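Residue numbers (this note's numbering): 16 to 365. The beta-carbon is built from N, C-alpha and C at its ideal position, and this holds for glycine as well. Please read these numbers as outputs of a predicted model, since none were measured by experiment. Written below as structure tokens is the structure these notes are about.
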Ligand code: NAD
Ligand code: ZN
């Protein structure tokens with residue numbers, strides 16, 4: 016076992032304001048029986064990290080400062096608690112962000128991702144934007160050594176896309192994705208591997224519309240100057256889309272997405288809205304017999320098996336979706352790219 020240093024670099028939300036600082040902090044020690052210490056090799060910046068960076072209303076309510084940011088990572092196990100049996104020193108791992116209690120009704124019925132006592136890495140506790148991170152073994156995922164750490168670090172958001180897409184099957188179906196942010200872009204990649212018939216993408220940001228096209232969207236729409244409903248109808252012989260994958264968190268996109276669905280279609284909603292959303296349930300859902308799924312997190316660990324197998328067997332190529340790989344010290348540049356939306360996934364390498 017390598018000797019652990021006492022101090023490490025970490026990106027810390029140091030106070031109740033915009034931004035975050037690279038600081039020297041203590042390496043986590045005194046592992047509990049089921050805790051694991053991971054030496055981090057790559058981290059990926061999530062929309063949640065951006066919210067904390069920007070210090071928006073949600074962040075003000077949920078984050079206690081000072082705190083280490085981040086939750087999407089890949090790294091190597093360097094120390095294990097006395098009772099850890101899932102992983103051993105030297106294993107290459109990533110991690111779920113949703114830390115379940117293991118005891119509540121949801122945990123015991125296959126729904127750990129919506130545990131009643133859920134804690135979130137990098138939100139409720141110090142996160143992974145550091146040289147070392149401490150996590151309970153229950154959330155760890157062993158990576159195949161053939162997967163590059165940069166790719167392994169984005170399995171968590173990839174899992175969001177997979178969970179959203181596969182609430183029902185998509186093969187041979189016409190699918191509308193609203194919002195081609197990092198997760199929407201991952202969704203396009205997954206939909207291609209899953210044999211979706213036609214992938215229609217709606218996105219307001221030009222950089223991301225171009226990226227969506229490159230990754231394999233069949234039709235890309237700018238809803239600001241084109242009618243999404245008209246285009247979807249035209250592209251589907253007047254029927255409308257079979258499936259809506261809502262990944263924008265924008266109320267207009269939700270409305271137009273539901274209006275673009277064919278009767279008896281399916282909507283899976285991952286996007287999170289800033290405030291209460293008003294839609295006409297009668298016209299958009301009930302009389303159209305739409306099945307609406309609310310999606311949170313990933314199925315633990317069904318989703319992880321799917322994502323990891325796609326990567327391991329080279330069925331999913333992340334090289335165009337991860338648009339920027341930066342040095343850990345260049346984190347400010349990474350956050351700025353996210354702020355401007357001129358990126359897909361942004362990964363920092365340690
Ligand atoms: P993101 O905010 O980076 O991406 C959203 C994209 O939607 C952006 O590219 C934006 O330009 C686009 N958009 C905005 N308005 C639009 C409109 N009217 N029509 C089409 N596109 C529009 O977010 P992300 O990280 O890719 O995540 C996607 C969504 O999922 C976000 O709302 C995020 O908060 C949410 N999320 C939910 C969960 C969950 O567990 N439910 C987990 C992670 C993320
Ligand atoms: Zn639980």
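A distance below 6 Å between beta-carbons, with the five flanking residues on each side excluded, links residue 229 to the following residues of its chain, in chain order: 335.
Residue state for residue 268 is assigned as helix, using DSSP reduced to three classes.
Within the stretch 111 to 168, the runs of alpha helix (DSSP H) that reach at least 4 residues and sit entirely inside it are, in chain order, 164 to 167. Distance from the CA atom of residue 154 to the CA atom of residue 163, rounded to whole angstroms, is 20 Å. Sorting 252, 293 and 249 by C-alpha distance to the C-alpha of residue 268 places 293 at the top. Between the ligand NAD and the CB of residue 226, the shortest heavy atom gap is not smaller than 6 Å. In the DSSP assignment, residue 109 is bridged to 89 and 156.
Closest in alpha carbon position to residue 291, among 146, 265 and 176, is 265.
Here the alpha carbons of residue 314 and residue 301 stand approximately 27 Å from one another. Residues of the same chain with a CB within less than 8 Å of the CB of residue 104, apart from the 5 flanking positions on each side, are 16, 92, 93, 94 and 95 in chain order. Residue 171 is classed as buried because its beta carbon has at least 16 other beta carbons within 10 Å across all chains shown. With a cutoff of 6 Å, residue 236 does not count as near the ligand NAD, since its C-beta is closer than that to no heavy atom of the ligand. No heavy atom of the ligand NAD is found nearer than 6 Å to the CB of residue 143. When the beta-carbon positions are compared, residue 219 and residue 176 stay at least 7 Å from each other.
The closest heavy atom of the ligand NAD lies 6 Å or more from the beta carbon of residue 124. Minimum Cα-Cα distance from residue 358 among the listed residues 339, 320, 40 and 112 corresponds to 339. At least one heavy atom of the ligand NAD is found less than 6 Å from the C-beta of residue 193. About 15 Å separates the Cβ atoms of residue 25 and residue 56, ruling out a contact at the 8 Å cut-off. Between residue 238 and residue 217, the C-beta gap is smaller than 7 Å, which places the two residues in contact. Distance check between residue 158 and each of 351, 325 and 355 places 325 closest, using alpha-carbon atoms only. Nearest to residue 223 by C-alpha distance, out of 236, 211 and 212, is 236. Take residue 48, set aside five residues on each side of it, and the residues of its chain with a beta-carbon closer than 6 Å to its own are 96, 97 and 98, in chain order.
Note on geometry: alpha-carbon atoms of residue 65 and residue 353 lie some 7 Å from one another. Placement of the Cβ of residue 263 at a distance of less than 6 Å from at least one heavy atom of the ligand NAD is found.
Three or more Cβ pairs closer than 8 Å define a contact, and the stretch 270 to 288 meets that threshold against the stretch 251 to 261.
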